[in-house]
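If you're matching positions, the sequence shown starts at 4 in the working numbering and goes up one per residue. All C-beta atoms in this analysis are idealised placements derived from N, C-alpha and C, irrespective of residue type, glycine included. Computed from a predicted model, the values in this text were never measured in an experiment. One structure is given here, and the rest of the page talks about it.
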Amino acid sequence: MTFVSGSTSPPDYLSESELISLMEKHGIGTDASISVHINNICERNYVQVNSGRRLVPTVLGTTLIRGYQCIDPDLCLPDIRSFIEQQITLIAKGQADHVRVVQHVLQQFTQKYSYFVKQLYKEITCPLDGFELLLFSMAGPDGKCFPLCPYCYNSPPFEGIDKVFGALKFSSAGKLGKGAGMPCFLCPHPTCRHSLIAQGVCACPECSGTLVLDPVSAPKWRLYCNVCNCIVSLPQGAHRISTTGKRCPDCDSTIIEVDFNKKTTPLSDGTTLYEGCILCDELLHSLVEMKHGKSFFRRGRGRGRGRGRGRGGRRGRGRGKHEDPKMSFRDF
(Lines of atoms letter the chains of each structure in order from A; the text may use other names.)
(Lines give C-alpha, C1' and ligand atoms only; values in the text may rest on other atoms or scores of the structure.)
Protein backbone atom coordinates (compact mmCIF):
# COMPACT_ATOMS: atom_id res chain seq x y z
CA MET A 4 0.00 0.00 0.00
CA THR A 5 1.33 3.39 -0.99
CA PHE A 6 0.16 6.71 0.42
CA VAL A 7 0.18 9.61 -1.98
CA SER A 8 -0.19 13.18 -0.76
CA GLY A 9 -2.26 15.52 -2.86
CA SER A 10 -5.07 18.04 -2.87
CA THR A 11 -8.21 18.66 -4.81
CA SER A 12 -9.35 21.90 -6.35
CA PRO A 13 -12.81 23.14 -7.29
CA PRO A 14 -13.81 22.98 -10.94
CA ASP A 15 -13.10 26.06 -13.00
CA TYR A 16 -15.82 28.49 -14.03
CA LEU A 17 -17.77 27.57 -17.14
CA SER A 18 -16.73 29.09 -20.41
CA GLU A 19 -19.36 30.54 -22.71
CA SER A 20 -19.15 27.56 -25.06
CA GLU A 21 -19.45 25.08 -22.16
CA LEU A 22 -22.53 26.89 -20.87
CA ILE A 23 -24.14 26.81 -24.32
CA SER A 24 -23.50 23.05 -24.54
CA LEU A 25 -25.11 22.45 -21.13
CA MET A 26 -28.12 24.60 -22.00
CA GLU A 27 -28.64 22.64 -25.21
CA LYS A 28 -28.24 19.34 -23.33
CA HIS A 29 -30.89 20.24 -20.74
CA GLY A 30 -33.25 21.85 -23.24
CA ILE A 31 -32.94 25.41 -21.94
CA GLY A 32 -33.61 27.88 -24.72
CA THR A 33 -33.25 27.46 -28.46
CA ASP A 34 -30.42 28.09 -30.87
CA ALA A 35 -31.77 31.61 -31.36
CA SER A 36 -32.47 32.44 -27.70
CA ILE A 37 -29.50 30.92 -25.85
CA SER A 38 -27.14 33.75 -26.81
CA VAL A 39 -29.80 36.29 -25.77
CA HIS A 40 -30.11 34.66 -22.32
CA ILE A 41 -26.35 34.79 -21.76
CA ASN A 42 -26.17 38.41 -22.92
CA ASN A 43 -29.01 39.36 -20.53
CA ILE A 44 -27.32 37.97 -17.41
CA CYS A 45 -24.13 39.81 -18.41
CA GLU A 46 -25.92 43.13 -18.92
CA ARG A 47 -27.75 42.76 -15.61
CA ASN A 48 -24.40 42.23 -13.86
CA TYR A 49 -25.27 38.72 -12.66
CA VAL A 50 -22.03 37.41 -14.21
CA GLN A 51 -18.87 38.88 -15.68
CA VAL A 52 -16.93 37.55 -18.66
CA ASN A 53 -13.28 37.07 -17.68
CA SER A 54 -10.28 35.86 -19.62
CA GLY A 55 -10.91 32.76 -21.69
CA ARG A 56 -14.57 33.81 -22.06
CA ARG A 57 -15.31 32.29 -18.66
CA LEU A 58 -18.44 33.46 -16.86
CA VAL A 59 -17.79 34.42 -13.23
CA PRO A 60 -20.83 35.06 -10.98
CA THR A 61 -20.91 38.47 -9.33
CA VAL A 62 -21.96 39.15 -5.75
CA LEU A 63 -25.34 40.31 -7.07
CA GLY A 64 -25.83 37.12 -9.07
CA THR A 65 -24.80 34.88 -6.17
CA THR A 66 -27.09 36.74 -3.78
CA LEU A 67 -29.99 36.43 -6.22
CA ILE A 68 -29.54 32.67 -6.54
CA ARG A 69 -29.27 32.20 -2.78
CA GLY A 70 -32.41 34.25 -2.31
CA TYR A 71 -34.26 32.05 -4.81
CA GLN A 72 -32.99 28.95 -3.01
CA CYS A 73 -34.45 30.23 0.25
CA ILE A 74 -37.80 30.98 -1.39
CA ASP A 75 -38.16 27.98 -3.70
CA PRO A 76 -35.24 25.93 -5.12
CA ASP A 77 -37.28 25.25 -8.28
CA LEU A 78 -36.86 28.89 -9.27
CA CYS A 79 -33.11 28.51 -9.81
CA LEU A 80 -33.16 25.01 -11.30
CA PRO A 81 -33.48 24.36 -15.06
CA ASP A 82 -36.33 21.85 -14.68
CA ILE A 83 -39.26 24.23 -15.15
CA ARG A 84 -37.73 26.01 -18.14
CA SER A 85 -36.71 22.68 -19.67
CA PHE A 86 -40.26 21.32 -19.27
CA ILE A 87 -41.75 24.39 -20.94
CA GLU A 88 -39.32 24.12 -23.87
CA GLN A 89 -40.19 20.43 -24.28
CA GLN A 90 -43.91 21.23 -24.33
CA ILE A 91 -43.35 23.98 -26.92
CA THR A 92 -41.54 21.48 -29.12
CA LEU A 93 -44.43 19.03 -28.78
CA ILE A 94 -46.91 21.78 -29.67
CA ALA A 95 -44.90 22.58 -32.81
CA LYS A 96 -45.05 18.89 -33.78
CA GLY A 97 -48.79 18.76 -33.14
CA GLN A 98 -48.37 16.30 -30.25
CA ALA A 99 -49.63 18.61 -27.46
CA ASP A 100 -52.52 21.03 -27.08
CA HIS A 101 -51.21 24.57 -26.57
CA VAL A 102 -54.26 25.60 -24.50
CA ARG A 103 -53.68 22.85 -21.94
CA VAL A 104 -49.95 23.58 -21.82
CA VAL A 105 -50.55 27.28 -21.17
CA GLN A 106 -53.16 26.51 -18.51
CA HIS A 107 -50.81 24.08 -16.77
CA VAL A 108 -47.90 26.53 -16.71
CA LEU A 109 -50.07 29.42 -15.52
CA GLN A 110 -51.59 27.26 -12.79
CA GLN A 111 -48.14 26.17 -11.66
CA PHE A 112 -46.85 29.72 -11.33
CA THR A 113 -50.11 30.95 -9.78
CA GLN A 114 -49.78 28.34 -7.04
CA LYS A 115 -46.16 29.33 -6.43
CA TYR A 116 -47.06 33.01 -6.27
CA SER A 117 -49.91 32.35 -3.82
CA TYR A 118 -47.56 30.33 -1.63
CA PHE A 119 -44.93 33.08 -1.68
CA VAL A 120 -47.48 35.72 -0.69
CA LYS A 121 -48.68 33.64 2.24
CA GLN A 122 -45.10 33.12 3.42
CA LEU A 123 -44.13 36.79 3.26
CA TYR A 124 -42.83 38.36 6.44
CA LYS A 125 -45.69 40.00 8.32
CA GLU A 126 -44.38 43.04 10.10
CA ILE A 127 -45.28 43.47 13.76
CA THR A 128 -46.86 46.87 14.25
CA CYS A 129 -47.81 48.97 17.23
CA PRO A 130 -51.60 48.89 17.82
CA LEU A 131 -51.54 52.56 18.86
CA ASP A 132 -50.01 54.17 15.77
CA GLY A 133 -49.30 51.44 13.22
CA PHE A 134 -45.51 51.89 13.27
CA GLU A 135 -43.44 48.75 12.72
CA LEU A 136 -41.68 47.62 15.89
CA LEU A 137 -37.89 47.60 16.07
CA LEU A 138 -35.79 45.15 18.07
CA PHE A 139 -33.18 46.82 20.27
CA SER A 140 -30.33 44.65 21.52
CA MET A 141 -27.69 45.70 24.04
CA ALA A 142 -24.14 44.42 23.72
CA GLY A 143 -22.93 41.43 25.70
CA PRO A 144 -24.37 38.01 26.52
CA ASP A 145 -26.47 39.44 29.34
CA GLY A 146 -27.61 42.55 27.48
CA LYS A 147 -31.31 43.26 27.29
CA CYS A 148 -33.13 42.70 24.04
CA PHE A 149 -36.55 44.26 23.66
CA PRO A 150 -38.96 45.60 21.02
CA LEU A 151 -39.90 49.25 20.76
CA CYS A 152 -42.09 51.47 18.63
CA PRO A 153 -40.14 54.49 17.26
CA TYR A 154 -43.18 56.74 17.52
CA CYS A 155 -44.05 55.74 21.09
CA TYR A 156 -40.39 56.04 22.03
CA ASN A 157 -40.24 59.61 20.74
CA SER A 158 -43.73 60.56 21.93
CA PRO A 159 -44.90 58.41 24.86
CA PRO A 160 -48.68 58.02 24.48
CA PHE A 161 -49.51 57.71 28.17
CA GLU A 162 -49.12 60.54 30.65
CA GLY A 163 -47.39 59.82 33.93
CA ILE A 164 -45.15 56.99 32.68
CA ASP A 165 -42.12 58.91 33.97
CA LYS A 166 -43.66 59.18 37.43
CA VAL A 167 -44.70 55.54 37.56
CA PHE A 168 -41.43 53.99 36.43
CA GLY A 169 -38.92 56.82 36.68
CA ALA A 170 -37.73 55.91 33.21
CA LEU A 171 -38.29 59.09 31.23
CA LYS A 172 -36.24 62.23 31.62
CA PHE A 173 -37.67 65.67 30.95
CA SER A 174 -35.76 68.86 30.38
CA SER A 175 -36.44 72.07 32.26
CA ALA A 176 -38.69 73.14 29.38
CA GLY A 177 -40.88 70.11 29.95
CA LYS A 178 -39.91 68.36 26.71
CA LEU A 179 -38.47 64.93 26.25
CA GLY A 180 -34.71 64.97 26.22
CA LYS A 181 -32.34 62.98 24.03
CA GLY A 182 -32.50 59.26 24.77
CA ALA A 183 -35.77 59.48 26.66
CA GLY A 184 -38.64 57.29 25.60
CA MET A 185 -41.06 54.47 26.27
CA PRO A 186 -40.06 50.98 25.06
CA CYS A 187 -42.70 48.27 24.81
CA PHE A 188 -41.79 46.82 28.20
CA LEU A 189 -43.05 50.03 29.85
CA CYS A 190 -46.23 50.26 27.79
CA PRO A 191 -49.47 49.50 29.67
CA HIS A 192 -51.54 48.99 26.52
CA PRO A 193 -53.69 45.87 27.07
CA THR A 194 -53.91 44.59 23.47
CA CYS A 195 -50.26 44.67 22.34
CA ARG A 196 -48.60 41.30 22.86
CA HIS A 197 -45.24 42.98 23.53
CA SER A 198 -46.51 45.35 26.21
CA LEU A 199 -45.93 45.20 29.94
CA ILE A 200 -49.45 43.89 30.44
CA ALA A 201 -48.86 40.95 28.07
CA GLN A 202 -45.27 40.00 28.93
CA GLY A 203 -44.95 41.06 32.58
CA VAL A 204 -44.53 38.07 34.90
CA CYS A 205 -43.83 39.15 38.46
CA ALA A 206 -42.36 41.88 40.64
CA CYS A 207 -38.61 42.45 40.49
CA PRO A 208 -36.87 41.48 43.75
CA GLU A 209 -34.34 44.29 43.27
CA CYS A 210 -36.54 47.32 42.65
CA SER A 211 -40.10 48.45 42.04
CA GLY A 212 -40.03 47.28 38.42
CA THR A 213 -41.48 44.20 36.75
CA LEU A 214 -39.73 41.12 35.41
CA VAL A 215 -40.71 40.86 31.74
CA LEU A 216 -40.40 37.81 29.51
CA ASP A 217 -37.90 38.23 26.69
CA PRO A 218 -39.80 36.59 23.80
CA VAL A 219 -36.76 36.42 21.49
CA SER A 220 -34.28 34.92 23.96
CA ALA A 221 -34.79 31.29 22.87
CA PRO A 222 -33.24 28.85 23.57
CA LYS A 223 -31.71 30.69 26.54
CA TRP A 224 -35.03 31.92 27.88
CA ARG A 225 -34.98 34.66 30.48
CA LEU A 226 -36.82 37.44 32.27
CA TYR A 227 -35.42 40.93 32.62
CA CYS A 228 -36.45 43.86 34.77
CA ASN A 229 -37.91 46.83 32.93
CA VAL A 230 -36.18 49.23 35.33
CA CYS A 231 -32.93 47.76 36.72
CA ASN A 232 -30.37 45.26 35.37
CA CYS A 233 -31.87 42.21 37.09
CA ILE A 234 -32.01 39.12 34.84
CA VAL A 235 -33.57 35.77 35.69
CA SER A 236 -32.71 32.67 33.66
CA LEU A 237 -35.63 30.38 32.86
CA PRO A 238 -35.49 26.64 31.96
CA GLN A 239 -32.88 26.37 29.23
CA GLY A 240 -33.43 24.51 25.99
CA ALA A 241 -37.22 24.71 26.10
CA HIS A 242 -38.94 24.87 22.74
CA ARG A 243 -41.24 27.67 23.85
CA ILE A 244 -42.00 29.73 26.95
CA SER A 245 -44.92 32.12 26.96
CA THR A 246 -47.12 34.02 29.36
CA THR A 247 -50.74 33.05 29.90
CA GLY A 248 -53.77 35.03 30.94
CA LYS A 249 -53.86 33.18 34.25
CA ARG A 250 -52.74 34.56 37.61
CA CYS A 251 -51.21 32.76 40.56
CA PRO A 252 -53.74 32.67 43.44
CA ASP A 253 -50.96 32.96 46.03
CA CYS A 254 -48.69 35.75 44.76
CA ASP A 255 -50.67 37.27 41.85
CA SER A 256 -47.84 36.61 39.38
CA THR A 257 -48.53 35.61 35.79
CA ILE A 258 -48.64 31.88 35.12
CA ILE A 259 -46.19 30.88 32.36
CA GLU A 260 -46.41 27.93 30.00
CA VAL A 261 -43.24 25.96 29.24
CA ASP A 262 -42.87 23.54 26.34
CA PHE A 263 -39.87 21.44 27.40
CA ASN A 264 -37.64 19.56 25.00
CA LYS A 265 -38.84 15.95 24.99
CA LYS A 266 -35.24 14.74 25.45
CA THR A 267 -34.56 16.88 28.52
CA THR A 268 -38.00 17.31 30.07
CA PRO A 269 -37.90 17.23 33.90
CA LEU A 270 -41.44 15.88 34.07
CA SER A 271 -41.60 12.31 35.36
CA ASP A 272 -44.24 11.11 32.92
CA GLY A 273 -42.28 12.34 29.90
CA THR A 274 -44.74 15.07 28.94
CA THR A 275 -43.43 18.41 27.73
CA LEU A 276 -46.15 21.03 28.39
CA TYR A 277 -46.24 22.52 31.87
CA GLU A 278 -47.87 25.58 33.44
CA GLY A 279 -46.95 27.17 36.72
CA CYS A 280 -45.77 30.17 38.71
CA ILE A 281 -42.02 30.67 38.83
CA LEU A 282 -42.28 31.82 42.44
CA CYS A 283 -44.71 29.31 43.94
CA ASP A 284 -44.32 26.22 41.76
CA GLU A 285 -41.53 24.03 43.17
CA LEU A 286 -40.49 22.60 39.81
CA LEU A 287 -40.25 25.91 37.95
CA HIS A 288 -38.72 27.70 40.94
CA SER A 289 -35.93 25.11 41.04
CA LEU A 290 -35.16 25.76 37.36
CA VAL A 291 -34.82 29.56 37.52
CA GLU A 292 -31.64 31.39 38.43
CA MET A 293 -30.92 35.00 39.31
CA LYS A 294 -27.98 36.36 37.34
CA HIS A 295 -27.74 39.82 38.84
CA GLY A 296 -28.59 41.09 42.29
CA LYS A 297 -29.83 39.35 45.39
CA SER A 298 -31.26 35.87 45.70
CA PHE A 299 -34.64 35.35 44.10
CA PHE A 300 -37.50 35.42 46.59
CA ARG A 301 -41.24 35.83 46.71
CA ARG A 302 -42.36 39.38 47.38
CA GLY A 303 -45.98 38.80 48.22
CA ARG A 304 -48.92 39.96 46.17
CA GLY A 305 -48.55 42.14 43.12
CA ARG A 306 -46.38 42.10 40.06
CA GLY A 307 -45.18 45.65 40.40
CA ARG A 308 -47.13 46.68 37.37
CA GLY A 309 -50.60 47.42 38.65
CA ARG A 310 -49.87 51.13 38.86
CA GLY A 311 -49.30 51.32 35.11
CA ARG A 312 -52.31 49.32 34.04
CA GLY A 313 -54.65 52.16 33.17
CA ARG A 314 -54.97 53.63 29.71
CA GLY A 315 -53.53 56.87 31.02
CA GLY A 316 -56.20 59.39 30.05
CA ARG A 317 -55.16 61.81 27.35
CA ARG A 318 -52.40 60.84 24.96
CA GLY A 319 -49.37 62.92 25.78
CA ARG A 320 -47.96 63.43 22.33
CA GLY A 321 -47.66 67.20 22.49
CA ARG A 322 -44.98 68.81 20.34
CA GLY A 323 -44.58 71.91 18.30
CA LYS A 324 -47.57 72.84 16.17
CA HIS A 325 -45.56 72.75 12.95
CA GLU A 326 -43.61 69.57 13.69
CA ASP A 327 -44.88 66.16 12.67
CA PRO A 328 -43.40 63.61 15.09
CA LYS A 329 -44.09 60.80 12.61
CA MET A 330 -41.60 62.40 10.23
CA SER A 331 -38.88 62.98 12.80
CA PHE A 332 -36.57 60.67 14.72
CA ARG A 333 -34.83 63.54 16.47
CA ASP A 334 -35.00 62.03 19.94
CA PHE A 335 -34.68 58.42 18.89
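Taken in chain order, the complete alpha helix (DSSP H) segments of 4 residues or longer contained in the segment 101-144 are 101-121. Three or more beta-carbon pairs separated by less than 8 Å link the segment 273-285 to the segment 252-262, which places the two stretches in contact. Selection 70, 243 and 16 evaluated against residue 59 yields 16 as nearest (Cα-Cα). In this structure, DSSP gives residue 46 a helical state, which the three-state scheme calls helix. DSSP places residue 82 in the uninterrupted alpha helix (DSSP H) bounded by 82-95.
Residue 24 sits in a helix when the DSSP states are folded into three classes. Separation of the CB atoms of residue 205 and residue 236 is rounded to 14 Å, and the pair is thereby denied contact status at 8 Å. Check the Cα spacing between residue 153 and each of 126, 162, 184 and 142: the tightest is with 184. For residue 56, there is no enclosing alpha helix (DSSP H), as DSSP marks it with neither H nor E. The beta carbon of residue 267 lies closer than 7 Å to those of 240 in the same chain, with the five residues before and after it left out. Residue 201 and residue 109 have their C-alpha atoms some 45 Å from each other.
Counting along the chain, residue 244 sits inside the beta strand (DSSP E) bounded by residues 243-250. C-alpha of residue 123 to C-alpha of residue 136: approximately 17 Å in a straight line. When secondary structure is reduced to three states using DSSP, residue 225 falls in the strand class.
Taken through DSSP and simplified to helix, strand or coil, residue 188 comes out as helix.
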